[in-house]
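Student:
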Amino acid sequence: MLSDEIFELANRWINECNEKCQCANLSMSPKRNQFQAEGWWLPKRLLDLRRLRNINGVQRIGSLTFQSQISNVARERIKLIEPRTNATVNKNDVRYATLSHCWGKPHSVKGQLKLTEENEARFKDAGIELRELPKTFRDAVLVASRLEGVEYLWIDSLCIKQRPTDGTSDNKASERDWLEQSREMDRIYRYAYLNISATIAIDSDQGLFYQRNPEELWEDEVSLNVTDLITSKEIQWSATESIFSFPRGKTNSADDCILRCVIIDVTFWACLIEDAPVNRRAWVLQERLMAPRVLHFCRNQIAWECSTFQDAEAYPKSLPPLTLRHGDIFEDIRIKCLVPETGLKLRELRLNGFNDPDKHIENLGAYELWKRVVEMYSKTLLTISDDKLLALAGLAKHFQQWTNCEYVAGMWRTFLESQLLWHVNEVFRDGNFEVSAKRVPRRAPSFSWASIDAPCGITYGEATDYKDDELFIRVDEYNRDLYDPKNQFGMLQDGYGFLMITPTYLHSIEVEKLQPPHRVPYCWNLKGNKKRKLSNMYLDAPVTDLDVFKPNAELFCMPVAYGERTVERSSRYLICLLLMKIECEPSSKTYMRIGLTKLSKFRDYDVQEELVGKDATKFKGWIKIY
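Residue 626 is where the sequence shown ends in the UniProt record's numbering, and the numbering goes up by one at each step.
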């Protein structure tokens with residue numbers, strides 16, 4: 001894949017984006033007026049590619065193949081600069097690229113060159129030899145230097161001070177720098193000219209380029225005899241033409257019409273991009289979404305992604321917005337364009353023609369888009385588990401311009417009651433439902449989805465403006481301890497936070513593990529009524545919440561709302577949170593969330609009546625959920 005043609009294609013995509021899209025308006029230059037309210041801004045540190053570009057870049061690159069260029073510039077140096085104070089930087093026109101990559105396993109990261117308190121002066125004065133860098137970083141430097149007008153590069157481990165692992169110095173300086181830079185992560189990527197993504201590489205040693213088979217880029221074609229169809233069902237074919245690319249032709253028979261069609265793999269984008277190693281990394285989601293455009297380096301080709309179009313070498317006529325779900329083909333709304341209008345399109349697709357009961361909500365699309373972002377993010381992986389909220393902080397900061405309310409550990413204060421109704425996705429394996437999620441209490445309170453590691457992700461509770469007769473709780477207060485007081489979207493100190501809630505009902509229950517041949521793993525019943533067991537429940541983390549199954553566990557069912565409101569009223573469930581008391585004193589009002597249950601209006605009508613019916617016992621007072 002080491003060819004000059006890929007740079008021609010990449011620059012063609014960039015030029016097309018510059019001409020047709022608004023993506024360039026998202027980059028840093030103060031001449032862009034979209035973000036002028038934020039004022040002039042640059043990253044604290046950048047890698048300076050100007051010498052490489054001017055001496056060993058543009059002049060050499062014009063006459064050398066990329067393969068020979070790599071060996072020729074291995075001894076060249078790039079310097080770390082602080083562009084805000086560097087007199088040689090034209091601050092009115094700073095064009096920099098960023099790099100998204102997988103760090104890899106600890107053994108592959110150990111020994112890699114990183115910015116620390118000790119080597120910062122060397123990086124700035126003598127510079128870094130390219131041969132010192134891991135292959136992915138080296139390739140990214142050379143790619144960036146070939147892109148039109150790009151003179152700087154931002155790489156996380158070379159532009160943010162990393163904690164030393166050999167105990168040679170105090171971690172405090174690195175910690176301060178990391179916290180400072182993590183607050184700016186949204187702007188670092190949003191103001192970049194381009195993001196270079198090492199999409200297929202599993203670590204920093206694999207590089208951007210791979211040997212490939214050109215046949216994999218060939219289009220698959222089939223010739224169809226569409227006689228009669230093309231004339232009598234022209235409307236159907238007009239819809240199909242957006243999926244199939246073809247020239248029309250006549251056969252020797254006057255009655256036959258042959259259509260040559262290009263077969264499109266509707267799983268192509270998911271396999272090439274969505275499920276690629278780098279996009280399973282949690283930090284990369286906000287890097288990918290915040291950057292105005294992304295140049296993906298995949299196993300057998302490069303691909304392009306911006307707010308307006310997606311492209312790939314294998315589909316030079318642009319990719320159709322289609323996806324495969326449960327064996328059926330659906331329109332796909334990709335969320336690279338982070339604006340409420342994208343969320344409204346997602347919502348329209350999800351409601352599938354149902355009349356939207358919440359269309360009066362201001363910036364409803366932003367809440368819907370946040371729902372999709374969280375559901376995608378919840379399936380990603382973290383090297384450092386405590387970063388769960390921090391790795392999403394840049395996106396949360398971006399969304400607050402629309403929600404205009406307090407951020408609550410991964411949710412929003414407005415319509416918080418309905419957003420609490422998230423649940424862990426189960427997996428159906430070998431005829432049984434399984435839940436392998438685990439709780440990490442040190443990073444978020446139990447009511448937050450961010451306290452859970454769920455391999456199959458979570459389903460986020462949609463923001464809904466419930467009416468009084470549909471809602472059975474009220475959130476009165478939210479409190480939390482921020483790890484970094486200057487970053488309301490970041491980590492919580494020891495995961496500390498709580499909600500003060502006034503519930504209408506709170507009922508004692510029992511939870512039971514079920515053994516085969518039961519296909520569901522758990523059930524619950526109201527205390528004193530073991531004969532009436534209910535199994536439509538989602539425990540958050542049964543692997544780690546072992547106290548739930550102890551005989552002395554004090555468990556409760558708290559009805560929250562009838563939902564979802566985006567289905568017919570007669571089909572709505574009574575949705576309840578499952579809680580466990582976490583202090584044993586009789587007067588204790590302190591609980592943790594352990595799961596969620598749904599009760600059908602038809603199958604579970606008797607239990608619904610016991611929970612919220614006219615004769616149900618009402619709860620007096622408030623409770624606190626950690």
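Every residue gets a Cβ at the ideal spot worked out from N, C-alpha and C, and that includes glycine. Fair warning: this is a prediction, and the values are worked out from it, not measured in the lab.
1. Note down, in chain order, each residue of its chain lying with its Cβ closer than 8 Å to the Cβ of S63, except the 5 sequence neighbours on either side.
2. Note down the Cα distance separating D358 from Q181, rounded to an integer number of angstroms.
3. Using C-beta distances below 8 Å, list every residue in its chain close to G127, excluding the 5 sequence neighbours before and after it, in chain order.
4. Any idea what DSSP makes of T459, helix, strand or coil?
5. How would you write the range of the beta strand (DSSP E) that P559 sits in, first residue to last?
6. Drop a sphere of 10 angstroms on the beta-carbon of H423, count the other beta-carbons inside from all chains shown, and report buried for 16 or more, exposed for fewer.
7. Would you kindly check if the distance between the Cβ of P321 and the Cβ of R334 is under 9 Å?
8. Checking 9 Å against the spacing of the C-beta atoms, do L574 and Y538 come in under that value?
9. I'd like to check one pair, W412 with W370: are the Cβ atoms closer than 9 Å?
10. So, is C405 buried or exposed, given that buried needs 16 or more other C-beta atoms within 10 angstroms?
11. Looking at the ligand SAM, does it come within less than 8 Å of S3, judged from the CB to the closest heavy atom?
12. Give a yes or no on whether the C-beta atoms belonging to Q22 and D186 are separated by under 9 Å.
13. Assuming M491 is part of the alpha helix (DSSP H), what are its boundary residues?
14. Label G621 either buried or exposed according to how many other C-beta atoms from any shown protein chain fall within 10 Å of its C-beta, with 16 as the threshold for buried.
15. T267 and T199 - do their beta-carbons sit closer together than 9 Å?
16. Alpha carbon to alpha carbon, how far is E117 from P503?
17. If we count the other Cβ atoms within 10 Å of its Cβ and call it buried at 16 or more, is Y605 buried or exposed?
18. Name the one or two DSSP bridge partners that T544 has.
19. Rounding to the nearest angstrom, what Cα-Cα distance links N432 and P292 in this structure?
20. Beta-carbon separation of I258 and V284 under 9 Å?
21. Using a 10 Å radius around the Cβ and a threshold of 16 neighbouring Cβ atoms, would you call T88 buried or exposed?
22. How about the segment 438-448 and the segment 532-546: do they share at least three Cβ pairs that are nearer than 8 Å?
23. If you measure between the beta carbons of L416 and V427, is that distance less than 9 Å?
24. Just to confirm, is the Cβ distance from L395 to L492 under 9 Å?
25. Does the distance from the CB of P445 to the CB of G497 come in under 9 Å?
26. Would you call the CB atoms of C261 and L224 closer than 9 Å?
27. What are the boundary residues of the beta strand (DSSP E) that includes H296?
28. Would you mind sorting T617 into buried or exposed? The rule is 16 or more other CB atoms within 10 Å of its CB.
29. Tell me which residue opens and which closes the alpha helix (DSSP H) that H507 is part of.
30. Which of the three DSSP states, helix, strand or coil, is assigned to C23?
31. In the DSSP output, which residue or residues are listed as bridge partners for M592?
32. From R75 to C456, what distance separates their C-alpha atoms?
33. I need the straight-line Cα distance from R212 to E184, nearest angstrom please.
34. Have a look at L390 and T380 and give me their C-alpha separation to the nearest angstrom.
35. Between the segment 83-103 and the segment 190-206, do at least 3 Cβ pairs fall closer than 8 Å?
36. For I335, which three-state DSSP category applies?
Tutor: Inspection of the coordinates gives the following:
1. Position 63 of the sequence shown, counted from the first residue, corresponds to residue 63. Here S63 scores only 43 on pLDDT, less than 50, and its place in the model is too uncertain to base an answer on.
2. The residue you call residue 358 lines up with position 358 of the sequence shown. The residue you call residue 181 lines up with position 181 of the sequence shown. The straight-line gap from Cα to Cα measures roughly 38 Å.
3. Taking the first residue of the sequence shown as position 1, residue 127 is located at position 127. Closer than 8 Å at Cβ, skipping near neighbours: R77, I78, K79, L80.
4. Taking the first residue of the sequence shown as 1, we reach residue 459 at position 459. Secondary structure of T459 (DSSP, three-state): strand.
5. Counted from its first residue, the sequence shown places residue 559 at position 559. Segment 555-563, the beta strand (DSSP E) holding P559.
6. On the sequence shown, residue 423 is found 423 positions in, with the first residue counted as 1. Buried, by the Cβ-count rule.
7. What you label residue 334 is simply residue 334 of the sequence shown in a count that begins at 1. What you label residue 321 is simply residue 321 of the sequence shown in a count that begins at 1. Against a cut-off of 9 Å, the Cβ pair of P321 and R334 comes out as a contact.
8. For the purposes of this step, residue 574 is taken as residue 574 along the sequence shown, with counting starting at 1. For the purposes of this step, residue 538 is taken as residue 538 along the sequence shown, with counting starting at 1. It is not a contact, given that the beta carbons lie outside the stated cut-off.
9. Taking the first residue of the sequence shown as position 1, residue 370 is located at position 370. Taking the first residue of the sequence shown as position 1, residue 412 is located at position 412. Cβ atoms of W370 and W412: closer than 9 Å.
10. The sequence position of residue 405 within the sequence shown is 405, counting from 1. The residue in question, C405, is exposed, as its Cβ has fewer than 16 Cβ neighbours within 10 Å.
11. What this structure holds is no ligand at all, so the ligand SAM is not there to describe.
12. Taking the first residue of the sequence shown as 1, we reach residue 22 at position 22. Taking the first residue of the sequence shown as 1, we reach residue 186 at position 186. Contact flag unset, no.
13. Taking the sequence shown and counting its residues from 1, the one referred to as residue 491 is at position 491. Taken as a continuous stretch (DSSP letters only), M491 belongs to no alpha helix (DSSP H), as it is neither H nor E.
14. Looking up residue 621 in the sequence shown gives position 621. Exposed is the call here.
15. Locating residue 199 in the sequence shown gives position 199, where the first residue counts as 1. Locating residue 267 in the sequence shown gives position 267, where the first residue counts as 1. No, these two residues do not count as a Cβ contact at 9 Å.
16. Working through the sequence shown from its first residue, we reach residue 117 at position 117. Working through the sequence shown from its first residue, we reach residue 503 at position 503. Straight-line Cα distance between these residues: approximately 52 Å.
17. Reading the sequence shown from its first residue, position 605 is the one you call residue 605. Exposed: under 16 other Cβ atoms inside 10 Å.
18. Here residue 544 refers to the residue found at position 544 of the sequence shown. Listed as beta-bridge partners of T544 by DSSP are no residues whatsoever.
19. Here residue 432 refers to the residue found at position 432 when the sequence shown is read from its first residue. Here residue 292 refers to the residue found at position 292 when the sequence shown is read from its first residue. Going by the C-alpha atoms only, they are around 43 Å apart.
20. On the sequence shown, residue 258 is found 258 positions in, with the first residue counted as 1. On the sequence shown, residue 284 is found 284 positions in, with the first residue counted as 1. No, the Cβ-Cβ distance between I258 and V284 is not below 9 Å.
21. For the purposes of this step, residue 88 is identified with residue 88 of the sequence shown, where counting begins at 1. That one is exposed.
22. Under the three-pair Cβ rule at 8 Å, the segment 438-448 counts as touching the segment 532-546.
23. Position 416 of the sequence shown, counted from the first residue, corresponds to residue 416. Position 427 of the sequence shown, counted from the first residue, corresponds to residue 427. Not a contact, by the Cβ cut-off of 9 Å.
24. In the sequence shown, residue 395 corresponds to position 395, counting from 1. In the sequence shown, residue 492 corresponds to position 492, counting from 1. No. Outside cutoff.
25. Along the sequence shown, one-based indexing puts residue 445 at 445. Along the sequence shown, one-based indexing puts residue 497 at 497. G497 sits close to P445, with the two beta carbons spaced by under 9 Å.
26. In the sequence shown, residue 261 corresponds to position 261, counting from 1. In the sequence shown, residue 224 corresponds to position 224, counting from 1. Yes.
27. In the sequence shown, the residue the question calls residue 296 occupies position 296. Start and end: 293-297.
28. Numbered from its first residue, the sequence shown carries residue 617 at position 617. T617 should be labelled exposed.
29. If you number the sequence shown from 1, residue 507 lands on position 507. That residue, H507, is in no alpha helix (DSSP H); its beta strand (DSSP E) goes 507-513.
30. The residue labelled residue 23 in the question sits at position 23 within the sequence shown. The answer is helix: DSSP assigns C23 an H, G or I state.
31. Taking the sequence shown and counting its residues from 1, one reaches residue 592 at position 592. M592 is bridged to M580.
32. One-based indexing of the sequence shown puts residue 75 at position 75. One-based indexing of the sequence shown puts residue 456 at position 456. Spanning the two alpha carbons is a distance of roughly 45 Å.
33. Mapped onto the sequence shown, residue 212 falls at position 212. Mapped onto the sequence shown, residue 184 falls at position 184. Approximately 38 Å between the Cα atoms of the pair.
34. Within the sequence shown, numbered from 1, the residue matching residue 390 stands at position 390. Within the sequence shown, numbered from 1, the residue matching residue 380 stands at position 380. Their Cα atoms are separated by approximately 14 Å.
35. yes
36. If you number the sequence shown from 1, residue 335 lands on position 335. Three-state DSSP puts I335 in coil, outside helix and strand.
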